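**Q** Sending over a structure as C-alpha cells; questions will come in a sec.
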Amino acid sequence: MKVIVAGNKRNIMKAPVAAIAATLLLAFVVVLYNISGNPSEKGVLSPTNVRADESSISAALSTLEYFGASSAEEAVDIWSKGVCARNGLTQYSVMNSELKEQYLSVAEGKYGGLLFPADEKTIDGWYISDIQELEDGRTKVQVQFSISDASGQSAAAIAELTVSEEAGYAALSSVAVEKALYAFTGIG
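The numbering of the sequence shown is numbering that gives the first Met the number 0, which starts it at 0 and goes up by one.
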C-alpha cells in the first residue's frame with residue numbers, strides 16, 4: 000500500500016499496520032469486558048473502570064502517530080519518547096520483527112502488558128550521547144536519560160541501541176538498558 004504524507008510517497012508495511020490495529024482492538028476489548036470488582040457485574044462498565052482503561056486507550060492512540068522511522072535518529076527519538084511515557088507500545092512500534100518477539104515475552108511476562116506502572120521515579124530528559132556507524136550498515140546509538148525520584152535525587156542511566164533497516168524502515172534490532180531504566184522499558 001502506498002500512502003502520500005506531506006507530498007512524499009511512503010510504503011507502509013502490512014505488519015505494523017496490523018499490529019497497530021490489533022493493539023486498538025485489544026484496548027477496545029479491555030474496555031468492553033473490564034470487570035468492575037463485583038462478580039455479579041462481570042462485563043459491566045463502571046466510571047472507575049472506564050477511567051483506568053482511558054490511560055490504556057490513550058497510550059495505544061498516541062502510538063498511532065508512529066508508523067515507522069526513516070532514520071536511526073528518528074527510531075531512537077520515537078523509542079525514547081516511549082521510554083519517558085512508560086509506553087511499551089511506542090517502544091515496540093520501532094523494533095524489528097525479532098526484537099518485537101523477545102520484547103513481548105519479557106515485558107508481558109513481567110507486567111502483563113506494554114504499559115508500565117508509574118512510580119516515584121520520572122525521566123527529566125534524555126539525549127543521544129554517541130552515534131557510531133557500523134561496518135555492516137547498522138547504527139549503534141547511546142542514549143543518556145536523567146532520572147529523578149520524589150525526593151529530588153537525580154541519576155543518569157544509559158541505553159545502548161542498535162538500529163538496522165527492515166523493509167525500508169529504521170528499526171531497533173537490539174536494546175540494552177541499565178537497571179534504572181527497567182521500570183520504564185519493561186526490561187529486567
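Built from N, CA and C at the ideal position, the CB exists for glycine as well. In this text the structure is predicted, and so the values were computed from the model without any measurement.
(1) Kindly provide the ranges of any alpha helix (DSSP H) runs that are 4 or more residues long and lie completely inside the region 74-157, ordered along the chain.
(2) What residue range is occupied by the uninterrupted beta strand (DSSP E) comprising Ile-68?
(3) Do Gln-152 and Ser-128 have their CB atoms nearer than 8 Å?
(4) Among all the DSSP beta bridges, which residues are the ones paired with Ser-172?
(5) Are the Cβ atoms of Gly-185 and Gly-81 separated by less than 8 Å?
(6) Would you mind sorting Ala-156 into buried or exposed? The rule is 16 or more other CB atoms within 10 Å of its CB.
(7) Can you tell me which residues form a DSSP beta bridge with Thr-161?
(8) Where does Ala-166 sit, in a helix, a strand or coil, going by DSSP?
(9) Are the CB atoms of Leu-180 and Trp-78 within a distance shorter than 8 Å?
(10) For Tyr-261, count the other beta carbons within 10 Å of its own beta carbon; 16 or more makes it buried, fewer makes it exposed. Which is it?
(11) Please report the straight-line C-alpha distance between Ser-173 and Gln-131, rounded to a whole angstrom.
**A** Looking at the atomic coordinates:
(1) Inside the region 74-157, DSSP marks whole alpha helix (DSSP H) runs of 4 or more residues at positions 87-91 and 96-110, from first to last along the chain.
(2) As written in the sequence, residue 68 is Ala, which differs from the Ile given in the question. Element bounds for Ala-68: n/a, residue is neither H nor E.
(3) In this structure, Gln-152 sits away from Ser-128, with a CB-CB distance that is not shorter than 8 Å.
(4) DSSP output for Ser-172 lists no bridge partner at all.
(5) For the pair Gly-185 and Gly-81, the CB atoms are not nearer than the 8 Å cut-off.
(6) Counting other Cβ atoms within 10 Å of its Cβ, Ala-156 reaches 16 or more and is therefore classed as buried.
(7) Residue pairing by DSSP puts Thr-161 in a beta bridge opposite Lys-139 and Ser-173.
(8) It is coil, neither helix nor strand.
(9) Not a contact, by the Cβ cut-off of 8 Å.
(10) In this structure the chain extends from 0 to 187, so residue 261 is not present and cannot be described.
(11) Roughly 14 Å separates the two Cα atoms.
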